[in-house]
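Below, the structure is given as structure tokens:
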């Protein structure tokens, strides 16, 4: 592997103009394809095979007019007045008529006819039925819907707009650019050179642009959720900068030792590039492995993010050496250009490694017990899909949700849909007559709305109003109770669906899949690292460290986002359950990133050990050489992920926070503290591998042992600038 990458790096350096030209042509081609074929993203999280999804699919065939998106307009009278006042009643009727005329609307229900009026007659709910699904609606339709009721507002009414119609993709704007700016500052401090920092950032941005353009080019044939492009952007930026950082750092180190620039770039790609390739492979496999769970939207998210990471790896090992060729010695700080080879000075990493080695047993105990304590809140973790009540204050959906809760109770925001269908109108009617008695006395059930019938009278939709909101535990219990009491009622096909029921089904299926996926990921890490490091104990130690990282990250995220501690500081509108796919997504992403730092740090330890250093010296040397770069890489990833915490969307905010926190814990506590302590404790045993297994495993030579044997070192090295042209 190292030899192959060495040759690739040298070829890219020599043919740098051609390499840059090819990447620019590819970038333009992908950009054009993205503009031509970009499709809409979906805000619906579908789950094939669940009862709620089967009911939705059935409705599209049997009751198409009831399968489209539903909007809910909330109208509230001012203090001291009611909607029964003549002028206000007329204003409500006008809102209903206005809603009926909206593009794509098949009907709007007058609240006075449906009796959707609060007991104090100050609040009313106008249900608006669209023909298309929410993700099929245009921005023009959403805007027209949101502007409905302007005249009623002038008449003194408060009007809010809720429902699936209000689901729109999260906006990615200037806030997350703050993370990129911080990353650039970290690069400047690390390299001490504007050229090195700017070139590393440019290389990463080109990779991100290519990856995102390719993703959007495929969006017309692959259904993507609104979160998918943001996740791909988040990961592409973070790993793109990090991978370029590692190779550039090794290139500068080679230059500082007096190696010719072309040779320095080739060696950097051959050694650090090997670590980049294997780190990238772990991230790609972990993300692509999300497809194993069998959930389409999660598979698309994983594959999209994996694609951007793969592009980042390709850019790092091909475009970066070409750019290094253009930069020449300007990649070094000005004072180091043209000087004699610099003797390496021991920095903080060496001192830290020796300190950890001296106190290795207390360090291991404190680290494990501390992270274990932080993981305790994860035992109470609850999962759900976000509802409008969890959105930022002041947004239209949040305003409407608050109005509904204020006038009718939080349960009206978590309405459950009961679908009753059969082959005959009589059977459906008979089943409908039994619904009320069957559900009578069900805990946490407030009301059952009158049925809405299909044209052939064979399918009916009823609304089940819970006592609490859509993410409450009691509402989840109610979904199961309604299913148990109405299953096969009166010989009809009875199913429970709607956004609330879909959220319950999605959360439960993801929770069931998490242990299986975690087992697959941990098993994969052991096998892959056994191949890379040719050791039994190093992979086991890496996997256990990953479990500590995940546990502590879950615990702190639950403590803040679910339990509400420090919620105001992070701009969390309403604390509540974690996004249902956050844990399994976090496991996949953090696994890849954790293995990044494991590979970068331990591969240097392995490299020194293979080249003759004893186990203790190799551990200290690996930490000493890798600490500065890994610290910079971790700070860059944390900055990029933290930039997405500033986005108002609760899904993106929680993902960004959990990833930033997970990287901080894994890099600074696990990989740079616990890992060297454990490696020092294990000594030579860390590199033990049975002979039969050593012969069976292919030698990927990530430490460049074969490469070093092939290289002919000059007996006397010239100063850095002597041979450069």
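Residue numbers (full-length UniProt numbering): 1 to 725.
All residues carry an ideal CB built from backbone N, CA and C; glycine is no exception.
{"query": "Nearest-angstrom Cα separation, counted from residue 229 out to residue 142", "result": "21 Å"}
{"query": "Opening and closing residue of the beta strand (DSSP E) in which residue 76 lies", "result": "70-76"}
{"query": "Given 8 Å, three or more beta-carbon pairs between the stretch 175-185 and the stretch 75-83", "result": "no"}
{"query": "Check whether residue 471 and residue 56 have beta carbons under 8 Å apart", "result": "no"}
{"query": "Residues bridged to residue 416 [DSSP beta-bridge criterion]", "result": "464"}
{"query": "Cβ neighbour criterion (16 or more within 10 Å) applied to residue 423", "result": "exposed"}
{"query": "Rounded separation between residue 320 and residue 202 - CA only", "result": "9 Å"}
{"query": "Nearest to residue 453 (by Cα), restricted to the options 292, 182 and 63", "result": "63"}
{"query": "Burial state of residue 194 (16 or more Cβ within 10 Å)", "result": "exposed"}
{"query": "Residue environment, residue 608, which counts as buried when at least 16 other CB atoms sit within 10 Å", "result": "buried"}
{"query": "Run of the beta strand (DSSP E) containing residue 445, from where it starts to where it stops", "result": "445-448"}
{"query": "Those residues which DSSP pairs with residue 579 across a bridge", "result": "384"}
{"query": "Reference residue 261, options 118, 14 and 288, closest by Cα", "result": "14"}
{"query": "Whole-angstrom distance between residue 315 and residue 196, CA atom to CA atom", "result": "16 Å"}
{"query": "Residue range of the unbroken beta strand (DSSP E) whose run includes residue 130", "result": "123-130"}
{"query": "Residue 481 (DSSP reduced to helix, strand or coil)", "result": "helix"}
{"query": "Status (buried if at least 16 other CB within 10 Å, exposed otherwise) for residue 18", "result": "exposed"}
{"query": "Start-to-end residues for the alpha helix (DSSP H) that takes in residue 95", "result": "86-100"}
{"query": "Rounded C-alpha distance that separates residue 16 from residue 24", "result": "12 Å"}
{"query": "Opposing strand residues paired with residue 162 [DSSP bridges]", "result": "72"}
{"query": "According to DSSP, residues forming a beta bridge with residue 108", "result": "128"}
{"query": "Where residue 727 falls, given that 16 or more other Cβ within 10 Å makes a residue buried", "result": "No answer is possible for residue 727: it lies beyond the span of the chain, which begins at 1 and ends at 725."}
{"query": "Three-state secondary structure assigned by DSSP to residue 453", "result": "strand"}
{"query": "6 Å Cβ shell around residue 501 - same chain, five flanking residues per side excluded", "result": "52, 416 and 479"}
{"query": "Beta-carbon separation (whole angstroms), residue 161 vs residue 68, contact threshold 8 Å", "result": "Actually they are not in contact, since the Cβ atoms of residue 161 and residue 68 sit about 16 Å apart, beyond 8 Å."}
{"query": "Residue 471 (DSSP reduced to helix, strand or coil)", "result": "coil"}
{"query": "Inter-stretch contact at 8 Å, needing at least 3 Cβ pairs: the stretch 97-107 / the stretch 143-152", "result": "yes"}
{"query": "Inter-residue Cα distance where the pair is residue 715 and residue 612", "result": "Reliability of the predicted coordinates at residue 715 is poor, the pLDDT of 40 falling under 50, and the value obtained from them is presented with this limitation in mind. Going from the Cα of residue 715 to the Cα of residue 612 covers about 20 Å."}
{"query": "Touch test, the stretch 353-361 against the stretch 552-569, Cβ-Cβ under 8 Å, three pairs minimum", "result": "no"}
{"query": "Residues near residue 681 by beta carbon distance below 6 Å, same chain, minus five either side", "result": "360"}
{"query": "Length of the line joining the Cα atoms of residue 676 and residue 536", "result": "16 Å"}
{"query": "DSSP state of residue 189 mapped onto helix, strand, coil", "result": "helix"}
{"query": "Exposure of residue 37, with buried meaning 16 or more beta-carbon neighbours within 10 Å", "result": "exposed"}
{"query": "For residue 27 and residue 209, believed in contact at Cβ under 8 Å, the rounded distance", "result": "6 Å"}
{"query": "Rounded Cβ spacing between residue 549 and residue 594 (contact assumed at less than 8 Å)", "result": "6 Å"}
{"query": "Stretch-stretch touch, CB-based, cutoff 8 Å, three pairs: the stretch 346-356 with the stretch 294-308", "result": "no"}
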